[in-house]
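Visitor: My structure is below; once you've seen it, I'll send some questions.
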Amino acid sequence: LYGECTGRIQRVHEKLTEEEGIHIGYSTLSRIMRELGLSESKKERCCHVPDEPGAEMQHDTTVYTIRLGTKRLRVVASLLYFRYSKMRYLKFYRSFNRFKMKCFFHEALSYFGYSAPVCVIDNTNLARLRGTGKNAIIVPEMEEFARQYGFEFVCHEKGHANRKAGNERSFYTVETNFFPGRSFESLEDLNTQAYKWTTLRMANRPVSKTKLIPASAFEHEKFYLVKLPPYVSPPYLVFDRDVDQYGYISFDGNFYWVPGTSRAEVLVLRYSSYIRIYRSRKKLVEYPLPAYGVKNQIFSPPGMLKPRCKPNNRKYPTAQEEKRLRSLDGEVDAYLDFALTHKGKEKHRFIRQMFGLYQKLTPDLFIKTIKRALKYRVMDMKTIERVAILQITDGDIEIPQVEIDEQFCKRQAYLEGRLSDDVDLSIYEKMLEDTDE
C-alpha cells in the first residue's frame, strides 16, 4: 500500500480508513512507518577527507546584525579558510554579489600569494549556476575568474555541510571571539579590526587541540599550493557616463570632476576601492571610493583648485536646517511634525523657506510666530510671514537696534578707502532728470 501511494502517508491513511475499514490515528500510522524505515530517506554519512597540505581551501558567507556607530546594521561576512594550515581571511560587506565576491578573492589570495587547487563551496554559493554536489555547474564567469588564480570551485554534496566544517567553525569563532568586547565605529573600522584579528592574532594563536600555529603551518603548506602569477588584473565593472556642462559625472550617488575641457562620454572602471575614468582609452583621473554611506558629495583631483561650479543634478538636502529649527523650541518641533506630514515632495522647499524666515526674525519673534501658526494650523508660508508682521505691529516685539561703532572712522579699512576715488553717481542723477521730465 505504501508503494501504491508513492510514499504519501496521508493517502495511505485515507485508503486504510475508507477502503480497508482500519481506523488508526494519523500520528500512530506515521510513527509505525518511521519505525519500519519507510517514511525517512537514509542519510549517508559525509565522507572523511584527511588534512593534506595544499589540498583545498573553503569559502562561505553568513549574515550578522551588529552595531556600527550608533546604528544596528546588517552585514555579510565573507571568509576564506585554508583547510590544512587553518589560515583565514575575513571581510565584511553591506551587500554581497559576484563582483564583490571576485574582489574578496583577489584581495585575500593576493595577501597570501598562493591558492589551493580546489575551493569547496556550498550549494547556495554565488559561484554555482545550477545543480548540487558533483552535478553542480559553476557560473562560466566565475569559472574563468578562478582559472586566473589556479583553482576551481567545487560544491559539496547536498546535506553534507560538515564538508566545510572548518569554515563553519571559523564563523563560530567570529561570534565568540571577535565580536564580544569590541566596538565598531564604521564598516571601515570593522574591516580594519577583522583584518588584524585574522592575519595577526588568529594566525599566530595555537589551535586548541593540535597546538598547530596557522602562520607556521602555512609556511610549510606553501610548497604544495599554487603560486599566483606575478600580476593578476583586479576585477572591475564598466560604466558609461555623460559629462555635464560643468565637467562632472555622477557615480554611486556622488559627483566626480573630469579634467579637461571636452564633454564627450567617458568610461568609468569601478574597482574594489577606487574608480578610474577613461576617454578614448586614455586614463584621465583616478579617485578612491568614499566610505560607506557617503552620498551627494563632490570630489576633484587632489592638489588642484576646486571647480567653481557645482554639478548639474546635485541634490541639496535640508537635514541640517531642519535640525537647527527643531532645536529652537518644542513648539517649533511640534509644528514641523504637523507641517511636514502634509508636504510630501515639497518638504525640502518648505524647510528652506522656514529657515529663511528664521534668519530674518529674532528667535523670540520666530517662536511666537510659529506657535500661532501651530495653533491655527497655518501651513502657507505667505500667511506665516503676515503673522510675523502682525506680531511686530502689535507692539509686543521690540525690534533690536543696530549697534553702530562710533569709532568706525578710525578703522584701517576706512582710512585706506578714504583716499580712493569718489563713486560716480552721475548715472543716477540722469535717471532722476528723466523721471522729472
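Residue numbers (the numbering used here): 246 to 682.
Even for Gly, the Cβ is constructed at its ideal location relative to N, Cα and C.
Am I right that I543 and V513 are in contact with their C-beta atoms under 8 Å? What's the rounded C-beta distance?
Guide: Here residue 543 is taken as the residue at index 298 of the sequence shown, counted from 1. Here residue 513 is taken as the residue at index 268 of the sequence shown, counted from 1. I543 to V513, Cβ: 16 Å. No contact.
Visitor: CB P504 to CB V530, shorter than 8 Å?
Guide: Taking the sequence shown and counting its residues from 1, the one referred to as residue 504 is at position 259. Taking the sequence shown and counting its residues from 1, the one referred to as residue 530 is at position 285. For P504 and V530, yes; Cβs fall inside 8 Å.
Visitor: Which same chain residues end up closer than 8 Å to E430 when comparing Cβ atoms and leaving out the 5 residues on each side of it in sequence?
Guide: To locate residue 430, count along the sequence shown from 1; it is residue 185. Same-chain partners within the cutoff: L313, G314.
Visitor: Does the segment 356-364 come close enough to the segment 388-406 that 3 or more CB-CB pairs lie under 8 Å?
Guide: At 8 Å Cβ cutoff, the stretches touch.
Visitor: In or out: L581 buried (at least 16 other Cβ within 10 Å) or exposed?
Guide: On the sequence shown, residue 581 is found 336 positions in, with the first residue counted as 1. Flag for L581 reads buried.
Visitor: Assuming Y491 and C554 form a contact by the criterion Cβ under 8 Å, report the distance between their Cβ atoms to the nearest whole angstrom.
Guide: To locate residue 491, count along the sequence shown from 1; it is residue 246. To locate residue 554, count along the sequence shown from 1; it is residue 309. Right, their Cβ atoms sit about 4 Å apart.
Visitor: Provide the residue span of the beta strand (DSSP E) that contains T307, from first to last.
Guide: Residue numbering aside, residue 307 sits at position 62 when the sequence shown is read from its first letter. 302-313 is the span of the beta strand (DSSP E), which, as asked, contains T307.
Visitor: In or out: K345 buried (at least 16 other Cβ within 10 Å) or exposed?
Guide: As a first step, residue 345 is located in the sequence shown; it is residue number 100 there, counting from the start. With 16 or more Cβ atoms within 10 Å of its Cβ, K345 is classed as buried.
Visitor: Starting from the C-beta of Y659, find all residues in its chain whose C-beta is less than 7 Å away, skip the five residues before and the five after it, and write them out in chain order.
Guide: Numbered from its first residue, the sequence shown carries residue 659 at position 414. If we look at Y659 and ignore the five residues flanking it on each side, its Cβ neighbours are F653.
Visitor: With a CB to CB cut of under 8 Å and the five nearest residues on each side skipped, what residues in its chain are close to L482?
Guide: To locate residue 482, count along the sequence shown from 1; it is residue 237. Closer than 8 Å at Cβ, skipping near neighbours: F344, L514, R515.
Visitor: Assuming M332 and P480 make a contact with CB atoms under 8 Å, what is their CB distance in whole Å?
Guide: Translated into the one-based positions of the sequence shown, residue 332 becomes position 87. Translated into the one-based positions of the sequence shown, residue 480 becomes position 235. Not confirmed; about 22 Å, so no contact.
Visitor: Quick check: the segment 416-433 against the segment 373-390, are there 3 or more CB pairs under 8 Å?
Guide: Verdict: no, contact absent.
Visitor: Taking the straight line between their C-alpha atoms, what separation do you get for L534 and T455?
Guide: Taking the sequence shown and counting its residues from 1, one reaches residue 534 at position 289. Taking the sequence shown and counting its residues from 1, one reaches residue 455 at position 210. Taking the straight line from one Cα to the other gives about 43 Å.
Visitor: What residues in its chain sit with their C-beta under 8 Å from that of N342, if we drop five residues either side in the sequence?
Guide: Here residue 342 refers to the residue found at position 97 of the sequence shown. Same-chain partners within the cutoff: L371.
Visitor: Would L619 and F611 qualify as a contact pair, given that the criterion is a beta-carbon distance under 8 Å?
Guide: Within the sequence shown, numbered from 1, the residue matching residue 619 stands at position 374. Within the sequence shown, numbered from 1, the residue matching residue 611 stands at position 366. It is not a contact, given that the beta carbons lie outside the stated cut-off.
Visitor: How long is the line joining the alpha carbons of C364 and I254, rounded to whole angstroms?
Guide: As a first step, residue 364 is located in the sequence shown; it is residue number 119 there, counting from the start. As a first step, residue 254 is located in the sequence shown; it is residue number 9 there, counting from the start. In a straight line, the C-alpha of C364 is about 41 Å away from that of I254.
Visitor: For E567 and D625, I'd like the C-alpha separation in whole angstroms.
Guide: As a working mapping, residue 567 is identified with position 322 in the sequence shown. As a working mapping, residue 625 is identified with position 380 in the sequence shown. E567 and D625: Cα-Cα distance of roughly 18 Å.
Visitor: In terms of residues, what are the limits of the alpha helix (DSSP H) holding E352?
Guide: As a working note, residue 352 is residue 107 in the sequence shown. It spans 343-357 - the alpha helix (DSSP H) in which E352 sits, taken as one unbroken run.
Visitor: On the DSSP bridge list, what partners appear for A322?
Guide: Residue mapping note: residue 322 aligns to position 77 of the sequence shown, counting from 1. DSSP output for A322 lists T307, F337 as bridge partner(s).
Visitor: One question on the structure: do Y338 and L325 come within less than 8 Å of each other, judged by their Cβ atoms?
Guide: Working through the sequence shown from its first residue, we reach residue 338 at position 93. Working through the sequence shown from its first residue, we reach residue 325 at position 80. Their beta carbons are not under 8 Å apart, which means Y338 does not touch L325 by this criterion.
Visitor: Over the uninterrupted alpha helix (DSSP H) stretch that includes Y417, give me the two end residues.
Guide: On the sequence shown, position 172 is the one that residue 417 refers to. Note, Y417: alpha helix (DSSP H), 410-418.
Visitor: How about L570 and M599: do their beta carbons lie closer than 8 Å?
Guide: Taking the sequence shown and counting its residues from 1, the one referred to as residue 570 is at position 325. Taking the sequence shown and counting its residues from 1, the one referred to as residue 599 is at position 354. Yes.
Visitor: In terms of residue numbering, what span does the alpha helix (DSSP H) encompassing F600 cover?
Guide: Residue mapping note: residue 600 aligns to position 355 of the sequence shown, counting from 1. Per DSSP, F600 belongs to the alpha helix (DSSP H) from 592-605.
Visitor: Tell me the residue span of the beta strand (DSSP E) that contains K613.
Guide: Along the sequence shown, one-based indexing puts residue 613 at 368. No beta strand (DSSP E) contains K613, which is instead part of the alpha helix (DSSP H) from 608-620.
Visitor: Could you check whether K336 and S323 sit closer than 8 Å to each other, using their CB atoms as the reference points?
Guide: Residue mapping note: residue 323 aligns to position 78 of the sequence shown, counting from 1. Residue mapping note: residue 336 aligns to position 91 of the sequence shown, counting from 1. For S323 and K336, yes; Cβs fall inside 8 Å.
Visitor: Taking only three categories from DSSP, how would you classify F547?
Guide: Here the question's residue 547 lines up with position 302 in the sequence shown. The question names Phe, yet the displayed sequence has Pro at residue 547. Note: P547 maps to coil in three-state DSSP.
Visitor: Excluding the five sequence neighbours on either side, which residues of its own chain have a C-beta within less than 7 Å of the C-beta of E259, listed in chain order?
Guide: Locating residue 259 in the sequence shown gives position 14, where the first residue counts as 1. Nothing meets the Cβ criterion.
Visitor: Under a Cβ-count criterion, where at least 16 other Cβ atoms within 10 Å of its own Cβ denotes burial, should T251 be classed as buried or exposed?
Guide: In the sequence shown, residue 251 corresponds to position 6, counting from 1. Counting Cβ neighbours within 10 Å, T251 comes out exposed, since fewer than 16 surround it.
Visitor: Under the rule that 16 or more other beta-carbon atoms within 10 Å means buried, what is I222, buried or exposed?
Guide: The question about residue 222 has no answer, for the chain in this structure spans 246 to 682.
Visitor: Roughly how many angstroms separate the alpha carbons of E651 and I615, rounded to a whole number?
Guide: The residue given as residue 651 occupies position 406 in the sequence shown. The residue given as residue 615 occupies position 370 in the sequence shown. Whole-angstrom Cα-Cα distance: 37 Å.
Visitor: Would you kindly check if the distance between the Cβ of Y469 and the Cβ of G282 is under 8 Å?
Guide: Against the sequence shown, residue 282 aligns to sequence position 37. Against the sequence shown, residue 469 aligns to sequence position 224. It is not a contact, given that the beta carbons lie outside the stated cut-off.
Visitor: Mapping the DSSP letters down to three states, classify K260 as helix, strand or coil.
Guide: Working through the sequence shown from its first residue, we reach residue 260 at position 15. It is helical.
Visitor: For a test of the three-state rule: what should DSSP assign to D434, helix, strand or coil?
Guide: In the sequence shown, residue 434 corresponds to position 189, counting from 1. The answer is helix: DSSP assigns D434 an H, G or I state.
Visitor: Can you name the start and end residues of the beta strand (DSSP E) that E531 belongs to?
Guide: To locate residue 531, count along the sequence shown from 1; it is residue 286. That run of the beta strand (DSSP E) goes 527-533.
Visitor: To the nearest whole angstrom, what separates the beta carbons of I522 and V511, a pair I think is in contact under 8 Å?
Guide: Position 277 of the sequence shown, counted from the start, is the residue given in the question as residue 522. Position 266 of the sequence shown, counted from the start, is the residue given in the question as residue 511. Between V511 and I522 the Cβ distance is about 5 Å, and since that is below 8 Å, they are a contact.
Visitor: Please report the straight-line C-alpha distance between A391 and N558, rounded to a whole angstrom.
Guide: In the sequence shown, counting from the first residue as 1, residue 391 sits at position 146. In the sequence shown, counting from the first residue as 1, residue 558 sits at position 313. Answer to the nearest angstrom: the Cα atoms are 40 Å apart.
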